[in-house]
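*Asks:* Going by my numbering, 185 is the number at position 193 of the sequence shown; the sequence numbering is gapless.
The C-beta atom is built at its ideal place from N, Cα and C for all residues, glycine as well.
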Amino acid sequence: MKKLLIDVGSTYFKICDDNKIEQYFRNFEKDIKDDLLDTCSHIIKKYNKEDIFVCSSANGGLSTLIIGLTESFSIKYATHIAYNAGINIIDTVLYPKIEDYSPPFEILDVVIIVGGIDNRKRIFDQKLIDYLKNVKYRNIVYVGGRNDIDFLKENIENIKIFKNIIDNRLQVNEEELKEYLTNLYQEDIVGREDIKHLYQITANQIYPTPYIVNKALPFIRDQLNAIDPFIVIDIGGATTDIHYSKDLVSENVVMESEYDRLVFKKLGVYKSKENLIFSAKNNEFVYELLNYLNVTENIFEENSKNSLKILMQLAIFLVLYKVSKYHELYIDLKLERLKSIVITGGIVKVLTHEDIDAILNFFYKKILRHNLTPSIIIDKDYKIWTIGMQKGIK
């Protein structure tokens, strides 16, 4: 049965009709549904609602704070699950030192509390309650030891309790928390009025695009000739996402999925352009990189094709840096093992193979001190999200 596939991004929307993909710049003065119908009604009217499938990255992801007992187990395990669900981690708090932490300034979408195996005595006390009084959040969930459940339910309004993610063998029970976070992400998307209106043209669930792209990863080796281990970097208007195979992670986290993803909410090149520039200016290697690219820091003040190209190159550099051993906040990927790097998203309309190769050469030789760079695969036709929709969703 033929399907019509639609991807709504923060800057463009894409339509895949009979395996032909077209991309359209969004008209921000119109509701997304009206914009789609004004542009593509001749295509949409050919399909029943049951045969139209939609994903969206227009919301930019959710933010979370993780409070855990130890860095090596509870925080690490919860971090892996949150990243895999497409959640942006604003901060982590080590509970034994919670009095030393300042609460985040922004309103968080979700707080995750985790710690202790089930046969351990109670861990959390009034210090946690006092800290949370100064945290602004919309949702809060507990996935730790059972002996703390009664105390937390008595003292934290509307807290959700799920199965402990750490079993007595220190393995991960990820499904309940991952499903909860994924549902929050989906609710955030469809909760937006303009996205909610898309249910007038589809009878199917609207999915987050990063989730869909991750579903495509098991099929990329055959479809795009990627060599394991590989990563996919998806640079769009609001976010930069990185999807990676578990072969690149050496940590002893036992999880079910073969692939994970990170969503960098503040590394987009349109809607979060200022945050991207801020991150670049605060990276110790960027000015040397700009010199390597034969431009100066004045490029940040320009609004030209060349400045857009440089910003996209910087987004690739920054995301690689953030998942390298030189950056502690995110997951440490063994990038020296990387065989292929797949580039997708709006970036492919701007950067050439040579532009991407320049960044990889600088990063691998200057930062990693490694002479071999991975092969570059450019997803020029935006196939990845369609692969995820066709093969990854049942």
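(1) For the beta strand (DSSP E) that contains Lys12, what are its first and last residues?
(2) Just mark Pro366 as buried or exposed, buried being the case when its beta carbon has 16 or more other beta carbons within 10 Å.
(3) Judging by CA-CA distance, which residue of Ile370, Ile(-2), Ile359 is the nearest neighbour of Tyr318?
(4) Ile82 to Asp324, Cα distance in whole Å?
(5) Expressed to the nearest angstrom, what Euclidean distance is found between the alpha-carbon atoms of Ile370 and His345?
(6) Tell me whether Ile370 sits in a helix, a strand or coil according to DSSP, three-state version.
(7) Count the CB pairs spanning the region 155 to 164 and the region -4 to 12 that are closer than 8 Å, and state whether there are at least three.
(8) Tell me which residues share the same chain as Gln192 and place their Cβ nearer than 8 Å to its Cβ, disregarding the 5 neighbours each side in the sequence.
(9) Under the three-state reduction of DSSP, which class applies to Tyr39: helix, strand or coil?
(10) Measure the alpha-carbon distance for Asn290 versus Tyr123 and round it to whole angstroms.
(11) Which same chain residues, not among the five before or five after Leu144, have their C-beta less than 6 Å away from its C-beta?
(12) Check Ile223 in the structure and name its three-state DSSP category.
(13) To the nearest angstrom, report how far apart Asp349 and Met381 are at their CA atoms.
(14) Which stretch, first to last residue, makes up the alpha helix (DSSP H) that contains Val205?
(15) Could you say which of Asp142, Asp117, Tyr69, Lys128 lies nearest to Glu167 if we only look at CA atoms?
(16) Do you know offhand how far Thr407's Cα is from Tyr177's?
(17) Among Asn19, Phe211, Phe45, whose alpha-carbon lies nearest the alpha-carbon of Pro200?
(18) Taking the alpha-carbon positions, what's the Ile(-2) to Ile7 distance?
(19) Jot down the residue ranges of each uninterrupted alpha helix (DSSP H) in the region 115 to 180, minimum 4 residues, whole runs only, in chain order.
(20) With DSSP as the reference, label Tyr75 as helix, strand or coil.
(21) From which residue to which residue does the beta strand (DSSP E) around His345 run?
(22) What is the rounded straight-line gap between the Cα of Ile90 and the Cα of Leu120?
(23) Check whether the Cβ atoms of Asp226 and Lys238 lie closer than 9 Å to each other.
(24) Specify the secondary structure class of Ile109 as computed by DSSP and reduced to three states.
*Replies:* Quick answer:
(1) 12 to 17
(2) Label assigned to Pro366: buried.
(3) Ile359
(4) Roughly 17 Å between the two C-alpha positions.
(5) 8 Å
(6) strand
(7) No, the region 155 to 164 does not touch the region -4 to 12.
(8) Lys25
(9) coil
(10) 43 Å
(11) Tyr134, Ile151
(12) In the structure shown, Ile223 sits in a strand (DSSP, three-state: E or B).
(13) 30 Å
(14) Where Val205 is concerned, the enclosing alpha helix (DSSP H) stretches over 201 to 216.
(15) Relative to the Cα of Glu167, the nearest Cα in the group Asp142, Asp117, Tyr69, Lys128 belongs to Tyr69.
(16) The requested residue 407 is not part of the displayed model; the chain covers only -7 to 386.
(17) Phe45
(18) 5 Å
(19) Counting only unbroken stretches of 4 or more residues, the alpha helix (DSSP H) elements lying wholly within the region 115 to 180 are 118 to 124, 141 to 147, in sequence order.
(20) Helix at Tyr75.
(21) Where His345 is concerned, there is no enclosing beta strand (DSSP E), although the alpha helix (DSSP H) it sits in stretches over 345 to 354.
(22) Between Ile90 and Leu120, the C-alpha separation is close to 7 Å.
(23) Remark: C-beta atoms of Asp226 and Lys238 do not approach each other more closely than 9 Å.
(24) coil
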